[in-house]
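Student:
Residue numbers (this note's numbering): 199 to 571.
1. Residues in its own chain within less than 6 Å of residue 437 by CB, not counting five upstream and five downstream?
2. Compute the distance between the beta-carbons of residue 503 and residue 482, then report whether it is under 7 Å.
3. Pick out the complete beta strand (DSSP E) segments inside the region 531-558, 3 residues or longer, and give them in chain order.
4. For residue 371, collect the residues of the same chain with a Cβ closer than 7 Å to its Cβ; drop the 5 residues on either side in sequence, then sort them by chain order.
5. Buried or exposed: residue 490, going by 16 or more other Cβ atoms within 10 Å of its Cβ?
6. Hey, out of 460, 469, 468, whose CA is closest to residue 477's CA?
7. Does DSSP put residue 383 in a helix, in a strand, or in coil?
8. Strictly by DSSP, which residues pair up with residue 472?
9. Select from 470, 468, 551, 464 the residue whose C-alpha is nearest the C-alpha of residue 493.
10. Tell me the DSSP secondary structure of residue 421 in three-state form.
11. Report yes or no: do three or more beta-carbon pairs, one from the region 515-527 and one from the region 232-241, lie closer than 8 Å?
12. Between which two residues does the beta strand (DSSP E) holding residue 262 run?
13. Note the first and the last residue of the continuous beta strand (DSSP E) segment covering residue 329.
14. Check for me: the beta strand (DSSP E) holding residue 343 runs from which residue to which?
15. On a Cα-Cα basis, can you pick out the residue from 439, 427, 441, 466 that is closest to residue 447?
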């Protein structure tokens, strides 16, 4: 198991133990019972989707038995069409959550349909839907795959972890249904309009990472540098137009989320050169991941924060920032506000290309003691 997998597991355990509650309730939040259902059309751009926890076992059951979709104006809707959580038939089966994704502009969502396990994309404005050429295997529990929109929402990456822990990814053009399988074991980062594709062999503890660029009938490889400054480079990248970006933490945490970034590194997949800058995120950000490019000079970062007076930090992704790759300056794009308790780490971020930007600061809490101590 590589270090990123270990960290993801540690994060899930930490969040499950903490039952992470995120910032105070916004207008439209469900205070009792379910929020209103997502309208068939005209819902507006989505910013977040999440599963809440309810009942004695703190599972997404009862009033929490649907995905919640939060639009950019702060309204919260239930979405019964999407599979939220499927309990196993055997007593020792813990169950699994359904897959969900939101496009960068928030106009589309992708999900596993509860009625037949088919992967579906839905336009929140027009209500039009497209069925993808994938469905969950018969007899499987919940989602055996993950979903991610590529670029503007015109393409969808459907990734599945196989029994040997290798990754199998299919890229689908949403409106035509045209699908192609990508090389096994590689994560899809970007597909340019020309068809040029960038994939990543993810770096891990004791393992160097590689970029694989496929286009024009040929494949080129670029090896990742081992370090940014004195700190190991590992984990996922966000790629666009021949560049890839990553937030490099001060050190991999021994337990739980503790990933205050030391560097924002930008790597050219064509020249092999790397530049780095110190990200100017709020001081109480304790975990931040690069998830996409917003423009030529900015990336999108999902973050969690240690808020003053709170026992536990907010969940990763509850704050979303634009970070300049040349200056490190950050802007707050959006934040999740709900009084509901989140189920483990099931929070999906989207809509950042349409979110208005504000100041990144405000009153910033002093970071407390972190790590295992």
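We put the beta carbon where it would ideally sit given N, CA and C, even for glycine.
Tutor: In short, the structure shows the following:
1. Counted from its first residue, the chain shown places residue 437 at position 239. Only 387, 388, 396 meet the Cβ criterion.
2. Residue numbering aside, residue 503 sits at position 305 when the chain shown is read from its first letter. Residue numbering aside, residue 482 sits at position 284 when the chain shown is read from its first letter. Yes, they are a contact pair.
3. Runs of the beta strand (DSSP E) inside the region 531-558: 540-547.
4. Taking the first residue of the chain shown as 1, we reach residue 371 at position 173. Closer than 7 Å at the Cβ level, and outside the excluded window around residue 371, lie 352, 353.
5. Looking up residue 490 in the chain shown gives position 292. It counts as buried.
6. Taking the chain shown and counting its residues from 1, one reaches residue 477 at position 279. Closest option to residue 477, Cα to Cα, is 460.
7. Within the chain shown, residue 383 is the residue found at index 185, counting from 1. The answer is coil: DSSP assigns residue 383 none of H, G, I, E or B.
8. On the chain shown, residue 472 is found 274 positions in, with the first residue counted as 1. DSSP, once it has assigned bridges, lists 465 as partnering residue 472.
9. Position 295 of the chain shown, counted from the start, is the residue given in the question as residue 493. Closest by alpha carbon: 551.
10. To locate residue 421, count along the chain shown from 1; it is residue 223. Of the three classes helix, strand and coil, the one that applies to residue 421 here is strand, per DSSP.
11. The region 515-527, when compared against the region 232-241, does not touch it at the 8 Å Cβ threshold.
12. Walking along the chain shown from the start, residue 262 turns up at place 64. Counting along the chain, residue 262 falls outside any beta strand (DSSP E), and DSSP gives it neither H nor E.
13. Position 131 of the chain shown, counting from 1, holds the residue named residue 329. 327-333 is the span of the beta strand (DSSP E), which, as asked, contains residue 329.
14. As a first step, residue 343 is located in the chain shown; it is residue number 145 there, counting from the start. 343-348 is the span of the beta strand (DSSP E), which, as asked, contains residue 343.
15. Taking the chain shown and counting its residues from 1, the one referred to as residue 447 is at position 249. Nearest of 439, 427, 441, 466 to residue 447, Cα basis: 427.
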